[in-house]
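In this text, residue positions in the sequence shown follow this note's numbering: the first is 10, and each later residue adds one.
Structure, as structure tokens:
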Amino acid sequence: MKHTWKITFVLLGMFLITQLIGLAVIHLNTISEAPYVLPQEEINPVSGLVSIVIAFVVAILLVLFLNKYGMKSILRGWFFIVVAYALVITSYSLVYWLVAQFQSGLSEFLFFKMSILGGFFSFSTLELLAWLVCIPVAYIKIYRQNILLHNITELLVYPGIGTVFVAFLFYSGVNPLSSIFALTTLLIAISIYDIWAVNHSGIMQKMAKFQINELKLFAGFFIPYMDKKQRIELKQIKQKYKKKEMDKILEKKKFKVSLAILGGGDVVFPIIASGLFFQLFGLIPSLFITACATISLLYLFAVARKGKFYPAMPFLTGGIFIGMILGWIYSLL
10 MKHTWKITFV
20 LLGMFLITQL
30 IGLAVIHLNT
40 ISEAPYVLPQ
50 EEINPVSGLV
60 SIVIAFVVAI
70 LLVLFLNKYG
80 MKSILRGWFF
90 IVVAYALVIT
100 SYSLVYWLVA
110 QFQSGLSEFL
120 FFKMSILGGF
130 FSFSTLELLA
140 WLVCIPVAYI
150 KIYRQNILLH
160 NITELLVYPG
170 IGTVFVAFLF
180 YSGVNPLSSI
190 FALTTLLIAI
200 SIYDIWAVNH
210 SGIMQKMAKF
220 QINELKLFAG
230 FFIPYMDKKQ
240 RIELKQIKQK
250 YKKKEMDKIL
260 EKKKFKVSLA
270 ILGGGDVVFP
280 IIASGLFFQL
290 FGLIPSLFIT
300 ACATISLLYL
310 FAVARKGKFY
320 PAMPFLTGGI
330 FIGMILGWIY
340 SLL
């Protein structure tokens, strides 16, 4: 096993919570009278698939270019924009649904529409508040680095990103077979890329190390931890010495810190798959995908070995496909 059972289940728990939040946000954008992301017109899923693949290729090449030439400020700015927008999507959707349950003066205030620049920009009070809250949170996350805040916000970032993907790929009652074909093709393509990027080129490891060491951030769940022996030693030092003495000792001591990480792509693609099935077949079929993806991730953590990198998407794709089959069978009953 790559990590301790405790750390493994913390990662799995965060993964599962994010999947469930993702289902909720995608569903709320579908049924809401004022969806934040999902378009009202029909989108051809094959066209959406091509657009997403092109966007992925461009994004990967751009990241590699910026990595190579050390353009840290541009990369941080990119992360900041994506995180802020995704947080707004998730928070707006959840709060919109919650407030809509109660007809009161508060709901009228939050849903009040205003416009600027002669009506060019139109937004509700709730949208404005969402941006005013999420922009500072995204700034602290990207530029002030706090492990706890990082992981908490990751729970909300990927549901927002997943909702955007669903909007471009699968929305508005298109032929279910076309949507499933687009999803299947995307998952296979991403899995092949993941195998190549981790096992052959090493691009994924280089990008992860650059993010952690140079940018001081990571796109995904990130848990640093020490083994039991080191934790006991650190506790004894804290009990024995005062702060100034302790800081000097800790500077000389070399504690080995292990990292448990789970990339953002490994979190968001199961959300897209379950979100599609939620729209096509309902809640229970989508939960089959969530459950099978979680089990496949647990299997990967169980067979993985310390010091080695593994492409997670092939395992997750296998779990997603099993969940899709089980969900489809359930929908026929």
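Virtual Cβ for every residue (Gly too), placed ideally from N, Cα, C.
For residue i, three-class secondary structure by DSSP
i      : result
GLY182 : Reliability of the predicted coordinates at GLY182 is poor, the pLDDT of 47 falling under 50, and the value obtained from them is presented with this limitation in mind. Correct three-state label for GLY182: coil.
LEU271 : strand
TYR2   : Given a span of 10 to 342 for the chain in the structure shown, any question on residue 2 remains unanswerable.
LYS315 : coil
ALA43  : Here ALA43 scores only 48 on pLDDT, less than 50, and its place in the model is too uncertain to base an answer on.
PHE227 : coil
GLN49  : Residue placement at GLN49 is poorly supported in this model, since its pLDDT is 48, which falls under 50; the coordinates still yield a value, given next. Coil, per DSSP.
GLY328 : helix
PRO320 : coil
MET123 : strand
SER131 : strand
VAL207 : helix
Beta-carbon gap between residue i and residue j smaller than 9 Å
i      : j      : result
LEU20  : ALA269 : yes
GLY169 : ALA95  : yes
LEU164 : ILE30  : yes
LEU75  : ILE151 : no
VAL166 : LEU135 : no
GLY272 : ILE298 : no
SER102 : LEU25  : no
ASP236 : LYS265 : yes
ILE201 : PHE65  : no
LYS15  : GLU223 : no
VAL91  : MET216 : no
THR326 : ILE197 : yes
LEU195 : VAL62  : yes
LEU306 : ALA321 : yes
SER133 : LEU289 : no
From the options, residue whose alpha carbon lies closest to that of residue i
i      : options                           : result
SER319 : SER131, MET213, THR17 and THR13   : Note on residue identity: the sequence assigns Tyr, not Ser, to residue 319. Minimum Cα distance to TYR319 is reached at MET213.
ILE281 : MET80, ILE16 and ALA33            : ALA33
LEU158 : ALA68, ALA311 and PHE231          : PHE231
ALA340 : LEU325, PHE286, VAL146 and PHE74  : It should be noted that the sequence gives Ser, not Ala, for residue 340. Comparing Cα positions, the closest option is PHE286.
THR172 : GLU117, THR27 and ALA311          : THR27
ILE161 : ILE293, ALA228 and LEU307         : ALA228
PRO294 : LYS77, ILE197 and MET333          : MET333
ILE98  : ILE331, LYS238, ALA176 and SER187 : ALA176
LYS218 : THR17, LYS15, SER133 and LYS77    : LYS77
LEU138 : ALA93, PHE174 and ILE149          : ALA93
PHE174 : GLU117, SER267 and PHE278         : PHE278
ILE338 : ALA313, ALA311, TRP140 and GLY291 : GLY291
Buried versus exposed call for residue i [16 or more other C-beta atoms within 10 Å across all chains shown]
i      : result
MET10  : exposed
GLY274 : buried
GLN49  : Caution is warranted here: a pLDDT of 48 is assigned to GLN49, below 50, making its placement in the model unreliable, and no coordinate value can be reported.
GLY182 : Unreliable positioning characterises GLY182 in this predicted model, as indicated by a pLDDT of 47, which lies under 50. The coordinate reading is nonetheless provided below. GLY182 should be labelled exposed.
GLY22  : exposed
HIS208 : Note on residue identity: the sequence assigns Asn, not His, to residue 208. Counting Cβ neighbours within 10 Å, ASN208 comes out exposed, since fewer than 16 surround it.
ILE203 : Note that residue 203 corresponds to Asp in the displayed sequence, not to Ile. Burial call: buried.
GLN154 : exposed
MET123 : exposed
PHE121 : exposed
PRO233 : exposed
PRO323 : buried
LEU70  : exposed
SER100 : buried
ALA206 : buried
GLN110 : exposed
Report the residue ranges of all beta strand (DSSP E) runs contained in full by the stretch 281-308; include only those spanning at least 3 residues, in chain order. none
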